[in-house]
Amino acid sequence: MKAGKTMGRPVYGLIQCTWGGLQTVLGLLLFLRYVSSPHEWYHGAVHTRWNVDGGISLGLFIFTPDREEEWCRRMVIHEYGHTWQSLMLGPLYLPVIGLPSIVWERSGWCRRQRKERHIPYSWFYTERWADSLGEAILKI
Numbered sequence: 031m032k033a034g035k036t037m038g039r040p041v042y043g044l045i046q047c048t049w050g051g052l053q054t055v056l057g058l059l060l061f062l063r064y065v066s067s068p069h070e071w072y073h074g075a076v077h078t079r080w081n082v083d084g085g086i087s088l089g090l091f092i093f094t095p096d097r098e099e100e101w102c103r104r105m106v107i108h109e110y111g112h113t114w115q116s117l118m119l120g121p122l123y124l125p126v127i128g129l130p131s132i133v134w135e136r137s138g139w140c141r142r143q144r145k146e147r148h149i150p151y152s153w154f155y156t157e158r159w160a161d162s163l164g165e166a167i168l169k170i
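Residue numbers (our numbering): 31 to 170.
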């Protein structure tokens with residue numbers, strides 16, 4: 031492992047626990063709720079595979095459904111991108127990314143629009159940005 035990657039993960043964690051502290055605390059609470067689910071380290075974040083439909087990223091914590099391997103791999107890259115949005119936006123992450131993302135995912139109106147108009151999930155700014163960040167940072 032290169033020295034930059036070794037030093038980068040503690041810095042990533044420190045920033046998530048300070049600048050991104052609110053979402054990291056919320057992520058820790060969710061982690062404790064699903065502590066019996068499978069977990070792994072994912073580039074400095076804690077990745078949990080849970081039996082819930084949908085994923086979420088809160089600071090240091092990534093939660094994805096426990097599904098087929100390739101689908102999970104794509105989703106964890108996307109959710110990892112959200113962790114970097116948290117690093118960049120800090121306390122603004124929840125109102126700028128978190129809330130709009132949840133509305134885009136869960137709102138019946140948004141779901142109908144995506145289905146009827148064949149709009150990809152990644153069309154929405156929060157999701158497109160997360161995809162781009164995850165892929166760029168992980169060099170995928």
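The C-beta atom is built at its ideal place from N, Cα and C for all residues, glycine as well.
#1: What does DSSP give as the partner residues of A75 in its beta bridges?
#2: Give the range of the beta strand (DSSP E) segment to which P95 is assigned.
#3: From what residue to what residue does the alpha helix (DSSP H) around S116 run?
#4: According to DSSP, is L58 part of a helix, a strand, or is it coil?
#5: When you compare only the Cα positions, how much space is there between W49 and A75?
#6: In angstroms with no decimal places, state the Cα-to-Cα distance between S137 and T156.
#7: Would G43 pass as a contact of L88 if the rule is Cβ separation under 8 angstroms?
#8: Answer with buried or exposed for G164, where buried requires no fewer than 16 other C-beta atoms within 10 angstroms of its C-beta.
#9: Thinking C-alpha only, which one of S152, G57, L62, I107 is nearest E135?
#10: Tell me the DSSP bridge mates of I86?
#11: S67 to W114, Cα distance in whole Å?
#12: Which class does W80 belong to by DSSP, given the choice of helix, strand or coil?
#13: Which residue's Cα is closest to the Cα of F131: G120, Q46, H112?
#14: Please report the residue range of the alpha helix (DSSP H) in which Y155 lies.
This is what the structure gives:
#1: Y72
#2: 91–95
#3: If you look at S116, you'll find it in the alpha helix (DSSP H) that goes 99–119.
#4: DSSP places L58 in the helix class (H, G or I) of the three-state scheme.
#5: 15 angstroms
#6: 15 angstroms
#7: For G43 and L88, no; Cβs fall outside 8 angstroms.
#8: buried
#9: S152
#10: F93
#11: Approximately 24 angstroms between the Cα atoms of the pair.
#12: strand
#13: Looking at the sequence provided, one finds Ser at residue 131 rather than Phe. Of the listed residues, the one whose Cα sits closest to S131 is H112.
#14: 155–167
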